[in-house]
Amino acid sequence: MELYPDIAPKTVANFTKLIEMEFYDGLTFHRYVENFVIQGGDPEGSGSGGPGWTIPGEFQNPKLRGVVAMARANKPDSAGSQFYICLDTKPSRYFSLNGQYTTFGKIIAGMDVVDQLGKGDVMNTVRLKGKNEELSPPTEVQTSQ
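In structure tokens:
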């Protein structure tokens with residue numbers, strides 16, 4: 001996974017902080033919509049939990065296959081820890097998401113593994129790889145299953 005601190009600096013900082021806190025370790029992907037998205041990062045596993053804080057939206061377009069974006073509640077600045085990965089190859093599937101959710105990264109290798117994920121699958125270990133002090137691209141995130 002490559003992170004985009006140039007277009008979503010607050011979101012990338014939040015995501016990397018959560019990884020460094022080992023927040024995501026052991027959490028599940030609690031939502032799966034076939035050929036649309038897989039979503040995880042909720043400590044409650046229900047879709048309503050978070051880290052105890054929220055971050056401001058840094059909205060961009062477009063949402064495409066492999067894009068990683070923050071999930072949120074109804075309020076624009078309500079994202080915390082939940083994220084989703086876009087699964088479909090058709091950009092038209094994501095028109096309703098464009099401008100509404102913060103894109104902060106993209107899967108650059110292993111999309112075949114992402115395609116095999118489903119509801120209830122566990123993020124055993126999430127770590128930063130290649131991180132430097134400025135968090136300049138490319139920063140990668142590794143998960144193990």
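For the sequence shown, UniProt numbering assigns the number 1 to the initial residue and increments by one for each residue that follows.
We put the CB at the ideal spot given by N, CA and C, even for glycine.
Status (buried if at least 16 other CB within 10 Å, exposed otherwise) for residue i
i, result
"Gln116", "exposed"
"Lys129", "exposed"
"Glu134", "Residue confidence is low: Glu134 scores 44 on pLDDT, short of 50, so the model does not pin down where it sits. Its coordinate-derived value is still stated next. With fewer than 16 Cβ atoms within 10 Å of its Cβ, Glu134 is classed as exposed."
"Lys63", "buried"
"Asn14", "buried"
Beta-carbon proximity list for residue i, same chain, < 6 Å, skipping 5 on both sides
i, result
"Gly45", "Thr28, His30"
"Val12", "Leu3, Pro5, Phe104"
"Thr89", "Arg65"
"Asp121", "Phe29"
"Asn132", "Here the model assigns Asn132 a pLDDT of 46, short of 50, so the residue's position is not dependable and the matter cannot be decided."
Cβ shell of residue i (< 7 Å), same chain only, five flanking positions each side left out
i, result
"Leu18", "Tyr24, Pro51, Ser81"
"Gln100", "Phe59"
"Glu140", "Here Glu140 scores only 47 on pLDDT, less than 50, and its place in the model is too uncertain to base an answer on."
"Gly41", "Tyr24, Leu27, Ser81, Gln82, Phe83"
"Gly49", "Asp42, Pro43"
"Arg93", "Phe36"
Any C-beta of chain B under 7 Å from that of residue i
i, result
"Asp121", "Absent here is chain B; the protein component of the structure consists of one chain."
7 Å Cβ cutoff met for residue i and residue j
i, j, result
"Leu87", "Asn35", "yes"
"Ile55", "Ala79", "yes"
"Thr102", "Ala69", "yes"
"Lys106", "Val67", "yes"
"Gly47", "Pro76", "no"
"Ile85", "Ile38", "yes"
Beta-carbon contacts of residue i that lie in its chain and below 8 Å, excluding the five residues immediately before and after
i, result
"Pro138", "Only weak support is given to the placement of Pro138: the predicted model assigns it a pLDDT of 39, under 50, and the value that follows is read from those uncertain coordinates. Excluding residues within five positions, the ones whose Cβ falls inside 8 Å are Glu2, Leu3, Ile108, Gly130."
Length at least 4, wholly inside the UniProt domain "PPIase cyclophilin-type" (1–145): the alpha helix (DSSP H) runs in chain order: 9–20, 111–114
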